[in-house]
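Here is the structure we will look at.
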Amino acid sequence: MQLDQSATAKVPFEAVVQEHGATVLRVCRAVLGVHDADDAWSDTFLSALQAYPALPGEANVQAWLVTIAHRKCIDHVRAGSRRAVPVDSPPERPSGLGIPGAGNAELLDAVSHLPPKQRQAVAYHYLAGLAYKDIAILLGGTPEAARRAGADGVKALRLALAERSVLAHSSKGEIR
Amino acid sequence: MTLDPTLDHSEVAELLHPLDDGLEPAIASLRARLARDAQLTHTLDVAYRVVDSPVGKLLLAATDRGIVRVAFEVEDHVEVLQALANSVSPRILQAPARLEDAARQLDEYFSGKRREFDLILDFRLARGFRLNVLQHLPRIAYGNTESYAQVAQAAGSPNAVRAVGTACATNPLPVIVPCHRVVKSDGSFGGYLGGTDAKRALLTLEAAA
Chain A
1 MQLDQSATAK
11 VPFEAVVQEH
21 GATVLRVCRA
31 VLGVHDADDA
41 WSDTFLSALQ
51 AYPALPGEAN
61 VQAWLVTIAH
71 RKCIDHVRAG
81 SRRAVPVDSP
91 PERPSGLGIP
101 GAGNAELLDA
111 VSHLPPKQRQ
121 AVAYHYLAGL
131 AYKDIAILLG
141 GTPEAARRAG
151 ADGVKALRLA
161 LAERSVLAHS
171 SKGEIR
Chain B
1 MTLDPTLDHS
11 EVAELLHPLD
21 DGLEPAIASL
31 RARLARDAQL
41 THTLDVAYRV
51 VDSPVGKLLL
61 AATDRGIVRV
71 AFEVEDHVEV
81 LQALANSVSP
91 RILQAPARLE
101 DAARQLDEYF
111 SGKRREFDLI
121 LDFRLARGFR
131 LNVLQHLPRI
141 AYGNTESYAQ
151 VAQAAGSPNA
161 VRAVGTACAT
171 NPLPVIVPCH
181 RVVKSDGSFG
191 GYLGGTDAKR
201 ALLTLEAAA
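Residue numbers (full-length UniProt numbering), protein chains in the order written: chain A, 1 to 176; chain B, 1 to 209.
Written as C-alpha cells, this is what we have:
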C-alpha cells in the first residue's frame, strides 16, 4: 500500500482492516478471551469505520484502533458482567477461554487469570506496540504504573507457564 | 527462579503467540461480518468487489446511489480505490453482496447473453460536457459504433471532438457505459482506458453475438 501524498488523504478503510485487523484481534483475545474477542473486534471496527472520516490524517491509526478496542472490551465485560467481573484477583474457576490448540491452552488460561490492568498493559504494549505513556492514558495512573503492570504481567505469565510445565511433568493427568 | 527485569519485546511476543491460533480464518469471517454490519447500519459509503472477465480483473464499486466506478486492472485497483477515498469517502470496504447484480450482468454480457445493462448508476465522478457524453453513450446500440465526431454532435457540441475523446478516456464506468463503441472516423479503434486489446475484445464480442 503506497503512502498518502497529502496529510488529508486517507487510505480506504479496507486497507486499515487489512493492516491492523490481526493486531486488534490479538489484543481483544488477550483482554477478553478468544470467544468474546470476535464481538469486541466487530464493535471496534464498526465504530472505527463510522468515525474514520473525522480522524486527523496524521493520527496513529493503530493506537486509535486500540483505544477504541479498549473501550469496546470494557463495554463487553460490563454487558456480560455476570460471567466476567474485572476484579484484581479473579477467583479460581474454569477458564472461559476456548482451546483453539490444545498445547496453547496454558498460555491462554494464564492470560485470563492476570489482573485486568496487567492483561491490558501486556496486550497494549507487547501486542499493539503502544508506549506506556499512552497506555497510562487508557488505564489511568502514571506511565510508570502502566510499565509496572506490563512487567508484572509478563513475569506472572512466565511464572504460571513454568509452574504448569512442572505440574504437567509430575502429574500429567491433572492437566487438560 | 530469577526473571530478567528487562523484557525483550520479541521474546514476549513469542510467549503470547498462542493468541494467534486460528487467527486467519477468524479475521476472514470477521471481515465479512463487518461488511454486512456496515451495510445494515449505513456506515459504508463505497462497497467494492473484484470480478474476473475476459478483459482482465474488473473492480466494481458502488455508493448508495448506484455503481460509481468500473476499473480495469491496468488502471491499478489500489490507485483507483485511493482516488475513490479522496473524492467520495474513505469509508470503503470490500462488500461483494452489494455488487452481486452488477457482477452477474457483466458475466452475462461477457458470455454474449446480455446486450444492455439494467443497473442504477452513480455519475458523480463525471461533470459537465463529459457527463453529457457519457449519458449519450448507452444510446449507441450493442454491436454498433459511432465516431468521436458523431458523439460530439449528439452531445450538443459538434466541435468538441477532442473533448469527447477525453470524456471516453476518463469514463468512470467503462464496459457498462459503452465508450468502447466510440471509434475513430477512419474506422480504427482509437484509444481506450483499458488498452486497445480490451477495446478490440469488446467490439469483437459484440460483433459475434
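For each residue, glycine too, the CB sits at the ideal point set by N, CA and C.
Alpha carbon of Trp-64 of chain A to alpha carbon of Glu-58 of chain A, nearest angstrom: 11 Å
Give me whichever residues DSSP pairs with Leu-60 of chain B in a beta bridge. B:Arg-49 and B:Val-70
Query - Counterpart residues of Gln-150 of chain B in DSSP-defined beta bridges - result: DSSP, once it has assigned bridges, lists no residue as partnering Gln-150 of chain B.
- If the cut is a Cβ gap below 9 Å, which residues of chain B does Val-77 of chain A touch? Per Cβ cutoff of 9 Å: no residues; Val-77 of chain A is ~18 Å from chain B at best.
Applying the 10 Å Cβ sphere with the 16-neighbour rule, what's the burial state of Glu-14 of chain B? exposed
- For Lys-10 of chain A, which residues in chain B fall below 7 Å Cβ to Cβ? Ala-85 and Pro-90
TODO: Kindly give me the distance between the Cβ atoms of Gly-21 of chain A and Arg-124 of chain B, rounded to whole angstroms, as I take these residues to be in contact under 8 Å.
DONE: About 29 Å; that fails the 8 Å criterion.
Check your understanding: If we call anything under 8 Å between Cβ atoms a contact, is Val-177 of chain B one with Leu-134 of chain B?
Key -> yes
With 16 other Cβ atoms within 10 Å as the buried cut-off, status of Asp-45 of chain B: buried
- Closest by C-alpha distance to Gln-62 of chain A, when choosing among A:Val-17, A:Ala-146 and A:Asp-75: A:Val-17
Q. Name the chain A residues whose beta carbon is nearer than 8 Å to that of Leu-121 of chain B?
A. Ordered by position in chain A, no residue passes the 8 Å Cβ test against Leu-121 of chain B, which lies about 21 Å from the chain.
Please state whether the Cβ-Cβ distance between Ala-121 of chain A and Ile-135 of chain A is less than 8 Å. yes
Item to complete: Would you mind sorting residue 218 of chain B into buried or exposed? The rule is 16 or more other CB atoms within 10 Å of its CB.
Response: Residue 218 of chain B falls outside the range modelled here, since chain B spans only 1 to 209, and no answer is possible.
Is there at least one Cβ from chain A nearer than 8 Å to Leu-15 of chain B's Cβ?
yes
Secondary structure of Val-182 of chain B, DSSP reduced to three states:
strand
- From Gly-150 of chain A to Leu-130 of chain A, what does the alpha carbon distance come to, in whole angstroms? 11 Å
Using alpha carbons as the reference points, say which of B:Cys-168, B:Lys-57, B:Ser-29 and B:Ala-61 lies closest to Arg-127 of chain B. B:Cys-168
Could you say which of A:Glu-163, A:Asp-38 and A:Leu-107 lies nearest to Glu-24 of chain B if we only look at CA atoms? A:Asp-38
Given a cut-off of 8 Å on the beta-carbon distance, is the pair Tyr-192 of chain B and Lys-199 of chain B in contact? yes
*For the putative contact between Leu-93 of chain B and Glu-14 of chain A, defined by C-beta atoms under 8 Å, what is the C-beta separation to the nearest angstrom?*
5 Å
Taking buried to mean at least 16 other C-beta atoms within 10 Å of its own C-beta, is Glu-79 of chain B buried or exposed?
exposed
Item to complete: Please name the residue, chosen from A:Ala-145, A:Pro-53 and A:Asp-109, that lies closest to Leu-32 of chain A on a Cα-to-Cα basis.
Response: A:Asp-109
**Limits of the alpha helix (DSSP H) - the one that Ile-27 of chain B falls within** = 23-40
Within its chain, find whatever has a CB closer than 6 Å to the CB of Ile-67 of chain B; leave out the 5 residues flanking it on each side and keep chain order. Ala-102, Leu-119 and Leu-121
Worksheet item: Of all the CB atoms in chain A, is at least one closer than 8 Å to the CB of Ala-26 of chain B?
Response: yes
### Query
Which of the three DSSP states, helix, strand or coil, is assigned to Ile-92 of chain B?
strand
Along the UniProt domain "RNA polymerase sigma-70 region 2" (17-82) of chain A, what residues have a CB closer than 7 Å to any CB found in chain B? Val-17, Gly-21, Ala-22, Leu-25, Arg-26, Arg-29, Ala-30, Asp-38, Trp-41, Ser-42, Phe-45, Leu-46, Leu-49, Gln-50, Tyr-52 and Pro-53
C-alpha distance - Ala-209 of chain B paired with Ser-111 of chain B, whole-angstrom precision:
9 Å
> Under the three-state reduction of DSSP, which class applies to Leu-81 of chain B: helix, strand or coil?
Replying inline: helix
- Task: Kindly indicate the opening and closing residues of the alpha helix (DSSP H) around Thr-44 of chain A.
- Result: 34-51
On the premise that Arg-119 of chain A lies in contact with Ala-30 of chain A, defined as a C-beta separation below 8 Å, what is that separation, rounded to the nearest angstrom?
6 Å
Practice problem: Evaluate Thr-44 of chain A with the Cβ neighbour count: other Cβ atoms within 10 Å of its Cβ, from every protein chain shown; 16 or more gives buried, anything less gives exposed. | Solution: buried
Subject >> Integer-rounded CB distance, given that Pro-90 of chain B should sit under 8 Å from Val-12 of chain A >> reply: Reading off the sequence shown, one finds Pro at residue 12 of chain A, where the question assumed Val. About 6 Å; that satisfies the 8 Å criterion.
message = Our contact map puts Ala-38 of chain B next to Leu-25 of chain A with C-beta atoms below 8 Å; I'd like the distance itself, whole angstroms only.
response = Contact flag wrong, Cβ pair sits at about 17 Å.
Item to complete: Within its chain, find whatever has a CB closer than 7 Å to the CB of Val-111 of chain A; leave out the 5 residues flanking it on each side and keep chain order.
Response: Ala-30, Arg-119 and Leu-157
Review point. Of all the options A:Tyr-52, A:Asn-104 and A:Lys-10, which has the alpha carbon lying nearest to the alpha carbon of Val-34 of chain A?
Key: A:Asn-104
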